[in-house]
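Reviewing the structure listed below.
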Amino acid sequence: MAAKKKKTSKRPAAVKQPRNTGAKPNGKLFEKGNPHAWKQGQSGNPVGRPKSRTLSEHLRDRLKEQFPGRSDATYGRMVAEALVDRAINGDVMAIREVYDRVEGKPKQTIDVNVEERKREMVEDAIARMIEEAQVSREEAIEQLTAFAPEMSKWIN
């Protein structure tokens, strides 16, 4: 019987990476008196993240440019004229946009009466307990407040 050949790996041997020879700070980095630590109020990134222009900035610049073929108009003016023309022709979305831009969007009311909603929920729970568990109102209130004492302030 022939001897089995041992498989050899074709991967190269691991190469040891050279160590960083830069000077390392001595001591603890944030210890008082460490010459390598940042000073009080000094930023580690004084220039900060490079500023990039937003889409809105690009659009504003473009809308200020002169519209070709008309010496009295910019792109912004032409967009406004097109919007008004569509509104005049009955486009409801354009009419809404014109009014929102000129008059401001209408205020929307939000019901923030949380206490009243909690009171309604507790009263609903009491009614449900009376109906399903066949208990008196006082027993239902007693059981609910035993379970959640904060409910007592929302019971009429």
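Each residue of the sequence shown is one higher than the one before, counting from 0 in numbering that gives the first Met the number 0.
Even glycine gets a Cβ: it sits at the ideal position worked out from N, Cα and C.
Original post:
Near P148, what residues of its chain come up, given a Cβ to Cβ distance below 7 Å and the 5 sequence neighbours on each side ignored?
Top reply: Within the same chain, P148 has no close Cβ partners at all.
Original post:
From M128, M150, E130 and R48, pick the residue whose C-alpha is nearest to that of R116; which is it?
Top reply: When only C-alpha atoms are compared, the closest one is M150.
**OP:** Drop a sphere of 10 angstroms on the beta-carbon of A126, count the other beta-carbons inside from all chains shown, and report buried for 16 or more, exposed for fewer.
**Re:** Within a 10 Å sphere around the beta-carbon of A126 sit fewer than 16 other beta-carbons, which makes this residue exposed.
Original post:
Grouping DSSP H, G and I as helix and E and B as strand, with all else coil, what is T144?
Top reply: T144 falls in the helix class under three-state DSSP.
Subject >> Cα-Cα separation between Q41 and R48, rounded to whole angstroms >> reply: Taking the straight line joining both Cα atoms gives about 16 Å.
**OP:** Quick one: using the 10 Å Cβ neighbour count with 16 as the cut-off for buried, is I87 buried or exposed?
**Re:** Result: exposed.
**OP:** Excluding the 5 residues preceding and the 5 following W153 in the sequence, name in chain order all residues of the same chain whose CB lies nearer than 6 Å to its CB.
**Re:** Closer than 6 Å at Cβ, skipping near neighbours: K117, R118 and V121.
**OP:** Check whether the Cβ of E56 lies closer than 7 Å to any heavy atom of the ligand ATP, and answer yes or no.
**Re:** Only the bare structure without any ligand can be found here, which leaves the ligand ATP out of the picture.
Original post:
Per the contact definition of three or more C-beta pairs closer than 8 Å, is the stretch 67-84 in contact with the stretch 93-101?
Top reply: They touch, by the three-pair rule.
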